[in-house]
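K.L.:
Residue numbers (our numbering), protein chains in the order written: chain A, 5 to 421; chain B, 5 to 421.
1. Check residue 125 of chain B in the structure and name its three-state DSSP category.
2. Is it true that the CB of residue 89 of chain A sits closer than 9 Å to the CB of residue 143 of chain A?
3. Pairing CB atoms from the segment 366–381 of chain A with CB atoms from the segment 193–201 of chain A, are three or more of them under 8 Å?
4. From the DSSP secondary-structure annotation, give me the bridge partner or partners of residue 223 of chain B.
5. Quick one: complete alpha helix (DSSP H) runs, 4+ long, within the segment 16–87 of chain A?
6. Would you call the segment 356–370 of chain A in contact with the segment 289–303 of chain A, where contact means no fewer than 3 C-beta pairs closer than 8 Å?
7. Contact criterion: CB-CB distance below 9 Å. Does residue 392 of chain B meet it with respect to chain A?
8. Would you please verify whether the beta carbon of residue 373 of chain A is less than 9 Å from any beta carbon of chain B?
9. Apart from the five residues just before and just after residue 262 of chain B, which ones in its own chain have a Cβ nearer than 7 Å to its Cβ?
10. Does the CB of residue 129 of chain A have a neighbour CB from chain B at under 9 Å?
11. Kindly indicate which residue of B/383, B/398, B/404 and B/387 has the alpha-carbon position closest to the one of residue 372 of chain B.
12. State the beta-bridge partners of residue 258 of chain A as determined by DSSP.
13. Quick one: what's got a C-beta closer than 7 Å to residue 168 of chain A's C-beta in the same chain, skipping five residues either side?
14. In the DSSP assignment, the beta strand (DSSP E) including residue 6 of chain B goes from what residue to what residue?
15. I need the boundaries of the alpha helix (DSSP H) containing residue 95 of chain B, first residue and last residue.
16. Starting from the C-beta of residue 38 of chain A, find all residues in its chain whose C-beta is less than 6 Å away, skip the five residues before and the five after it, and write them out in chain order.
17. Compute every distance between the C-beta of residue 109 of chain A and the non-hydrogen atoms of the ligand ADP, then say whether any falls below 8 Å.
18. Of the choices A/337, A/348, A/396 and A/394, whose alpha-carbon is the least far from that of residue 387 of chain A?
19. Taking the straight line between their C-alpha atoms, what separation do you get for residue 317 of chain A and residue 220 of chain B?
20. Give, in chain order, every residue of the segment 30–43 of chain A whose Cβ lies closer than 7 Å to some Cβ of chain B.
21. For residue 411 of chain A and residue 251 of chain A, I'd like the C-alpha separation in whole angstroms.
22. Pull up the distance between the alpha-carbon of residue 255 of chain B and that of residue 268 of chain B, whole angstroms please.
23. Could you pull out every residue in the same chain whose Cβ sits closer than 8 Å to the Cβ of residue 324 of chain B, ignoring the five residues on either side in sequence?
24. Under a three-way DSSP split, which group does residue 164 of chain B fall into?
25. Check whether chain A comes within 9 Å of residue 417 of chain B, counting only Cβ atoms and requiring the distance to be less than that.
26. Quick one, which of A/275, A/51 and A/128 has its alpha-carbon nearest residue 352 of chain A's?
27. What are the complete beta strand (DSSP E) segments, minimum 3 residues, inside the segment 252–319 of chain B?
28. Nearest by alpha-carbon distance to residue 25 of chain A: which of A/60, A/92, A/157 and A/129 is it?
29. Please tell me whether residue 29 of chain B and residue 188 of chain B are closer than 9 Å, where the distance is taken between their beta carbons.
30. Could you name the residues of the segment 352–385 of chain B whose beta carbon sits closer than 9 Å to any beta carbon of chain A, in the order they occur along the chain?
31. Using the C-alpha atoms, what's the distance from residue 233 of chain A back to residue 185 of chain B?
32. By DSSP's criteria, residue 376 of chain A is part of a beta bridge. Which residues make up the other side?
33. Return yes when the Cβ of residue 115 of chain A is within less than 9 Å of the Cβ of residue 73 of chain A, no when it is not.
34. Please state whether DSSP places residue 148 of chain B in a helix, a strand or coil.
35. Which value, in whole angstroms, describes the spacing of the CA atoms of residue 59 of chain A and residue 124 of chain A?
36. By Cβ distance, which residues of its chain are closer than 8 Å to residue 248 of chain B, with the 5 residues on each side in sequence left out?
Right, here's the structure in full:
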């Protein structure tokens with residue numbers, strides 16, 4: 005079974021918003037053996053939406069369109085569907101009632117504008133929306149089943165699972181399984197070289213790499229008629245990829261570095277605290293993105309000002325002035341004091357020049373000291389390392405935070421073996 | 005002048021990565037009067053890429069394709085362009101030399117795989133890449149100018165500015181100007197109601213709304229033959245939008261809430277500190293995303309564990325046990341102590357149940373206390389407010405962090421007037 009994914013919205017085609025729905029839909033569909041042929045994004049233009057619905061319905065058996073179901077006059081999906089189907093729009097009373105109820109729960113009257121959301125092309129199916137006001141619509145155009153879902157990701161996702169999945173499940177003659185192996189610390193071409201012949205384009209499972217946010221992700225796609233075969237071949241190639249890449253690999257699927265670190269901390273019953281200067285709380289944010297992180301993350305300090313470095317961690321102004329706030333002694337003291345103050349097993353400390361200002365000849369923008377302290381009987385064991393990260397402020401901070409997490413990951417893996 | 009934006013990559017069409025390039029390109033093009041007709045994403049499939057290049061070149065005068073210029077065997081753009089043009093690929097020696105130099109600077113030998121990146125369809129133009137190894141390619145297909153750029157956003161953006169912009173600038177007969185007015189605190193339909201007739205679809209400038217991440221952004225698009233007229237009309241409508249929306253508006257363009265707060269703090273010469281529990285450093289992260297934030301952000305604490313709340317801010321276990329860590333007294337004490345310890349003018353404190361676990365009947369997941377303390381002669385003035393945010397852990401944390409920033413924003417606006 006093939007699919008076409010359409011997205012509508014001036015804000016998308018003009019680039020004011022990034023379309024994340026299409027990627028999410030494709031991934032869910034692929035997991036159920038449905039291959040997406042293409043994504044296409046057009047503006048809030050009735051003729052363009054009509055043309056794309058017709059073309060999509062010719063190209064694939066399944067068409068999913070997101071957006072254009074809102075209450076405002078730039079929401080044109082209902083009308084476009086009616087035109088393609090050649091039917092008028094009827095008021096769907098139960099939908100109107102649901103929309104009224106939705107506002108009632110919020111303790112507000114329904115704005116008059118929301119009235120249009122209860123319109124539906126005659127003969128099409130209304131898809132209930134449990135997460136917002138816009139019902140979806142399902143219809144058959146030629147040989148294709150077409151689903152129109154809201155553009156708001158939170159609403160779209162719930163409606164896809166409830167209304168679209170049952171239709172597509174098991175209707176495909178193939179099983180396509182994908183897995184991602186996530187790595188940190190190697191560039192894309194060096195990862196590709198390690199993978200070598202595994203990346204040949206005529207292989208099945210097919211192996212590809214993508215670089216994003218300092219991570220290189222290895223994608224493996226297994227496409228076979230039988231589910232058992234697809235699964236077995238996928239598992240075999242995933243194992244080969246992981247063997248070839250060794251310590252670069254931190255997880256599978258959409259595992260984040262912070263999750264990988266969290267899992268290691270949990271399995272070792274260890275705890276960590278953080279002391280951040282240039283990253284301003286990013287490492288803490290990444291660690292606490294993970295549900296259950298309170299089992300191993302204590303919290304810590306954002307010592308953005310030198311005064312807080314002195315006040316909270318007792319790093320004297322004299323040391324800061326002598327070596328600079330971005331220096332090995334300051335990074336090491338940050339980590340050491342944090343371990344001492346919290347009794348955590350590990351502390352991660354970051355101090356750097358994130359830019360765009362504040363760089364100098366010997367400490368250009370991108371210079372970051374990362375220190376890790378490990379609690380030990382007499383005195384914490386501290387190790388600090390200096391990095392020069394490329395790119396702008398965002399990239400420097402992102403790489404600094406991830407590098408700190410990775411240093412802890414490698415330390416925990418070492419202590420595991 | 006019209007444009008078509010193409011993106012290639014199995015990881016995109018299968019939904020493993022989100023395409024952010026197309027949105028970025030459309031926005032840049034729109035700013036220079038080039039309207040994007042559509043975005044289309046296809047996989048690493050030679051025939052599909054060839055077909056899209058041909059179709060794009062028929063639909064628009066400008067075609068920009070991203071991706072497929074890497075060193076691996078799933079990078080097919082060079083070959084697809086050669087096929088559409090009906091020419092062989094030649095080795096471009098200066099590119100090979102640049103790629104070698106790139107690796108030399110990194111202190112590594114050039115992997116053999118990178119060799120293919122120096123191939124270019126005969127007669128096409130090579131576009132130098134100052135940011136990575138993949139040169140771009142420009143060619144003319146029928147009446148269209150086609151640019152192939154790398155998929156890595158950092159490289160693509162630099163190359164667009166250097167190689168594509170000069171071609172498109174001033175070749176368009178219209179001036180399209182866009183502005184975004186950013187709001188926080190109101191739902192999309194209530195914002196739309198306040199805008200009323202300004203949102204009529206037959207108006208120019210055209211006004212639309214989009215909701216994302218708790219923010220509602222009002223987009224205004226002004227499209228006139230004369231630059232002066234486009235500018236004047238845009239300014240007029242932006243002013244009208246801002247008047248109707250009042251305090252909901254925190255900025256224009258891509259201003260973030262943290263930037264808006266930062267600008268207010270700077271203009272008032274005030275400083276802020278943060279104490280975060282469930283957000284784990286997000287508010288600090290958001291504040292320090294902004295370059296120059298050290299002028300007003302002191303840093304603070306991530307008191308993720310109750311022990312750190314006690315140890316660092318002197319909030320006794322007795323209080324935490326009696327009221328719960330997610331309570332008005334604890335939130336208020338967090339903010340008050342932070343002001344006292346740092347001498348900052350304001351403190352923002354957040355404690356809540358981010359979920360998925362930890363909720364109870366009276367404090368379900370999504371319950372968040374946000375407190376703000378203001379330094380005052382005798383004793384900080386503290387105000388705390390309780391919220392019930394919808395959604396999952398990510399959404400609750402995101403809304404909590406933004407709501408805290410917004411509370412400070414409204415306070416600073418009040419003290420300005």
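Even for Gly, the Cβ is constructed at its ideal location relative to N, Cα and C.
P.N.:
A quick look at the data gives this:
1. Correct three-state label for residue 125 of chain B: strand.
2. Yes, these two residues count as a Cβ contact at 9 Å.
3. No: the two stretches stay apart, fewer than three of their Cβ pairs being nearer than 8 Å.
4. Bridge partners of residue 223 of chain B: B/184 and B/212.
5. Runs of the alpha helix (DSSP H) inside the segment 16–87 of chain A: 25–35 and 50–63.
6. Contact fails: fewer than three Cβ-Cβ distances are below 8 Å.
7. It does not; no Cβ of chain A falls within 9 Å.
8. Chain B contact via Cβ: absent.
9. Same-chain partners within the cutoff: 290, 291, 293, 294 and 409.
10. Under the Cβ distance rule, residue 129 of chain A does not count among the residues neighbouring chain B, no pair being separated by less than 9 Å.
11. Nearest Cα to residue 372 of chain B within the set B/383, B/398, B/404 and B/387: B/404.
12. Per DSSP, residue 258 of chain A has no beta-bridge partner at all.
13. Take residue 168 of chain A, set aside five residues on each side of it, and the residues of its chain with a beta-carbon closer than 7 Å to its own are 68 and 151, in chain order.
14. Residues 6–12.
15. Where residue 95 of chain B is concerned, there is no enclosing alpha helix (DSSP H), although the beta strand (DSSP E) it sits in stretches over 93–95.
16. Closer than 6 Å at the Cβ level, and outside the excluded window around residue 38 of chain A, lie 5, 7, 172 and 176.
17. The ligand ADP is absent from the structure shown, which contains no ligands of any kind.
18. Considering only alpha carbons, the answer is A/337.
19. Their backbone Cα atoms lie some 41 Å apart in a straight line.
20. The segment 30–43 of chain A vs chain B, Cβ under 7 Å: 30, 31, 34, 40, 42 and 43.
21. Cα to Cα, the separation comes out at about 12 Å.
22. In a straight line, the C-alpha of residue 255 of chain B is about 11 Å away from that of residue 268 of chain B.
23. Close CB contacts of residue 324 of chain B within its chain, under the 8 Å cut and outside five residues either way in sequence, are with 310, 313, 314 and 334 (chain order).
24. Under the three-state reduction of DSSP output, residue 164 of chain B falls in the helix class.
25. Chain A contact via Cβ: absent.
26. Comparing Cα-Cα distances from residue 352 of chain A to each of A/275, A/51 and A/128, the minimum goes to A/275.
27. Qualifying beta strand (DSSP E) stretches, in chain order: 253–256, 276–280 and 301–306.
28. The shortest C-alpha separation from residue 25 of chain A is found at A/157.
29. Not closer than 9 Å, so no.
30. Contacts with chain A (Cβ-Cβ distance below 9 Å) from the segment 352–385 of chain B involve 358, 359, 360, 361 and 362, listed in chain order.
31. Counting only the Cα atoms, residue 233 of chain A lies some 53 Å from residue 185 of chain B.
32. Residue 376 of chain A is bridged to A/352 and A/387.
33. Not in contact: residue 73 of chain A and residue 115 of chain A (Cβ atoms no closer than 9 Å).
34. DSSP places residue 148 of chain B in the strand class (E or B) of the three-state scheme.
35. Cα to Cα, the separation comes out at about 21 Å.
36. Excluding residues within five positions, the ones whose Cβ falls inside 8 Å are 198, 199, 200 and 202.
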